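Asker: Handing you this structure, nothing more for now.
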Amino acid sequence: MRLDHIATKPHEQLAARFDGKLAAMNALITQRMASRHAPRIPEVTAHLVEAGGKRLRPMLTLAAAELSGYAGDHDVRLAATVEFIHTATLLHDDVVDESAQRRGRATANLLWDNKSSVLVGDYLFARAFQLMVETGSLRVLDILANASATIAEGEVLQLTAASDLATTEEIYLQVVRGKTAALFSAATEVGGVIAGAPEPQTRALFDYGDALGVGFQIVDDLLDFRGDAAATGKNVGDDFRERKLTLPIIKAVAAADQTERAFWQRTIQKGDQRDGDLEQAIALMHAHGTLEATQADAQAWIARAKSALATLPEHPVRQMLADLADYVVARVT
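All the letters of the sequence shown, read from the start, carry residue numbers 1243 to 1575 under the numbering used here.
Next comes the structure, spelled out in structure tokens:
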């Protein structure tokens, strides 16, 4: 599947189906990100929220709820909760990574400062917890609170594993399961929980979100070396410049000879990067087939996501979620 062959992308189909609920979610987000005493909060939040983004995670919650037969309005609150958590983590991530660009625009920490980004991110986390409490479901609170803790844990693990050439694929998977997949799986699981879906169905929704999240992050890491900056909103090679040991690099380090390992030690471990090093890094990945191997890993995770979906009741939304899984991998084919 190639992107230019997709007339309407799966996330656009989901957005059209949930147009009304997404509008209600956006109105709720605008209402809850307001602050009488600190006008910088809505300024910073609006800069990121209004920059675009596909609203993928909240749409997963809305889709899981509809697939499970939910007819109330708590799905909108949960979708807003998920989006608040995601936005908060982006604000924090950009500070940690010292990023200058997000969704094709200057980051909040660049336009304002690190302190504002961190504190507004904290505010959004607090708002998220207020929203999830309003559903009256302790299980929903448990799922999303655990996801928030897991996301932070994954980010700290990534921080400690960064630039360490001993980082394995298993550690990488732990990081990805924390910083990305945890919110995907929570987003889908709470949709089933709020609908009172049977436990096997709720578990399948969790498994779908988990596998989709892992596949999504692997593809994102692959796009750092294969992507188009205009399409991704990120500069090609940002992960390399930030000395992040993502899966393509981990695989290249594992396959490296002595000379190649010295290159990785200089550029990643020591941070001594020079002109032409990014091109050399990509050449080494091509030489060892690590980009292709990384793509194969992503495809395997997407297959797991679709396998989990297959156990759920037939529904138009189920097919949209399956198409979404295919689209995640199609971004790099």
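Beta carbons: idealized from backbone N, C-alpha and C, even for Gly.
All values derive from a computational prediction rather than experimental measurement.
(1) Going by beta-carbon coordinates alone, are residue 1417 and residue 1540 separated by less than 8 Å?
(2) Give me the residue from 1442, 1439, 1448 and 1436 with the minimum Cα distance to residue 1428.
(3) Count the other C-beta atoms from every protein chain shown that fall within 10 angstroms of the C-beta of residue 1254, then say buried if there are 16 or more, exposed otherwise.
(4) Alpha carbon to alpha carbon, what distance is there between residue 1553 and residue 1569?
(5) How would you write the range of the alpha helix (DSSP H) that residue 1358 sits in, first residue to last?
(6) Between the alpha carbons of residue 1454 and residue 1482, how many angstroms are there, rounded?
(7) What did DSSP end up calling residue 1390 once you bin it into helix, strand or coil?
(8) Where does residue 1275 sit, in a helix, a strand or coil, going by DSSP?
(9) Counting only runs that start and end within the region 1406-1488, where is the alpha helix (DSSP H) found for 4 or more residues in a row?
(10) Taking only three categories from DSSP, how would you classify residue 1379?
(11) Taking just the CA atoms, how far does residue 1284 sit from residue 1395?
(12) Quick check: the region 1250-1270 against the region 1298-1316, are there 3 or more CB pairs under 8 Å?
(13) Using 10 angstroms around the beta-carbon of residue 1364, count the other beta-carbons present and answer buried if the total reaches 16, otherwise exposed.
(14) Alpha carbon to alpha carbon, how far is residue 1446 from residue 1431?
(15) Alpha carbon to alpha carbon, how far is residue 1420 from residue 1371?
(16) From 1329, 1456 and 1319, pick the residue whose C-alpha is nearest to that of residue 1288; which is it?
(17) Given this structure, state the Cα-to-Cα distance separating residue 1270 from residue 1384, to the nearest angstrom.
(18) Given 8 Å as the limit, is there contact between the region 1483-1494 and the region 1535-1550, that is, 3 or more CB pairs closer than that?
(19) Quick check on DSSP: helix, strand or coil for residue 1569?
(20) Is the region 1493-1511 touching the region 1542-1559 in the sense that three or more CB pairs, one from each, lie closer than 8 Å?
(21) Within this structure, are the beta carbons of residue 1563 and residue 1450 separated by less than 8 Å?
(22) What is the residue span of the alpha helix (DSSP H) that residue 1520 lies within?
(23) To the nearest angstrom, how far is the alpha carbon of residue 1405 from that of residue 1478?
Answerer: Taking the geometry as given:
(1) Start at 1 with the first residue of the sequence shown, and residue 1417 comes out as number 175. Start at 1 with the first residue of the sequence shown, and residue 1540 comes out as number 298. Against a cut-off of 8 Å, the Cβ pair of residue 1540 and residue 1417 comes out as no contact.
(2) For the purposes of this step, residue 1428 is taken as residue 186 along the sequence shown, with counting starting at 1. Just measuring C-alpha positions, the residue of 1442, 1439, 1448 and 1436 sitting nearest residue 1428 is 1448.
(3) As a first step, residue 1254 must be located in the sequence shown, where it is residue number 12. Looking at its Cβ environment, which holds fewer than 16 other Cβ atoms inside 10 Å, residue 1254 is exposed.
(4) By one-based count along the sequence shown, residue 1569 stands at place 327. By one-based count along the sequence shown, residue 1553 stands at place 311. Pairing residue 1569 with residue 1553, the inter-Cα distance amounts to about 20 Å.
(5) For the purposes of this step, residue 1358 is taken as residue 116 along the sequence shown, with counting starting at 1. Annotation: the continuous alpha helix (DSSP H) that includes residue 1358 extends over 1356-1375.
(6) Taking the first residue of the sequence shown as 1, we reach residue 1454 at position 212. Taking the first residue of the sequence shown as 1, we reach residue 1482 at position 240. Roughly 24 Å between the two C-alpha positions.
(7) Reading the sequence shown from its first residue, position 148 is the one you call residue 1390. In this structure, residue 1390 counts as helix in the three-state DSSP scheme.
(8) Taking the sequence shown and counting its residues from 1, one reaches residue 1275 at position 33. In this structure, residue 1275 counts as coil in the three-state DSSP scheme.
(9) Segments of the alpha helix (DSSP H) lying fully in the region 1406-1488: 1411-1418, 1424-1436, 1441-1468, 1471-1474 and 1480-1483.
(10) For the purposes of this step, residue 1379 is taken as residue 137 along the sequence shown, with counting starting at 1. In this structure, DSSP gives residue 1379 a state outside helix and strand, which the three-state scheme calls coil.
(11) Locating residue 1395 in the sequence shown gives position 153, where the first residue counts as 1. Locating residue 1284 in the sequence shown gives position 42, where the first residue counts as 1. Distance from the CA atom of residue 1395 to the CA atom of residue 1284, rounded to whole angstroms, is 27 Å.
(12) Yes, since at least three Cβ pairs between the region 1250-1270 and the region 1298-1316 fall closer than 8 Å, the two stretches touch.
(13) Taking the sequence shown and counting its residues from 1, the one referred to as residue 1364 is at position 122. Around the beta carbon of residue 1364, fewer than 16 other beta carbons lie within 10 angstroms, which makes this residue exposed.
(14) Your numbering for residue 1446 matches position 204 in the sequence shown. Your numbering for residue 1431 matches position 189 in the sequence shown. Straight-line measurement puts the Cα of residue 1431 at about 8 Å from the Cα of residue 1446.
(15) Start at 1 with the first residue of the sequence shown, and residue 1420 comes out as number 178. Start at 1 with the first residue of the sequence shown, and residue 1371 comes out as number 129. Near 19 Å, if we compare the C-alpha coordinates of residue 1371 and residue 1420.
(16) Reading the sequence shown from its first residue, position 46 is the one you call residue 1288. When only C-alpha atoms are compared, the closest one is 1329.
(17) Taking the sequence shown and counting its residues from 1, one reaches residue 1270 at position 28. Taking the sequence shown and counting its residues from 1, one reaches residue 1384 at position 142. Each residue's alpha carbon lies about 22 Å from the other.
(18) When Cβ pairs closer than 8 Å are counted between the two stretches, the region 1483-1494 is seen to touch the region 1535-1550, the count reaching three or more.
(19) Against the sequence shown, residue 1569 aligns to sequence position 327. Helix.
(20) The region 1542-1559 vs the region 1493-1511: no contact.
(21) Indexing the sequence shown from 1 puts residue 1563 at position 321. Indexing the sequence shown from 1 puts residue 1450 at position 208. In this structure, residue 1450 lies closer than 8 Å to residue 1563 by Cβ.
(22) On the sequence shown, position 278 is the one that residue 1520 refers to. For residue 1520, the enclosing alpha helix (DSSP H) starts and ends at 1519-1530.
(23) Locating residue 1405 in the sequence shown gives position 163, where the first residue counts as 1. Locating residue 1478 in the sequence shown gives position 236, where the first residue counts as 1. Going by C-alpha positions, residue 1405 is about 19 Å away from residue 1478.
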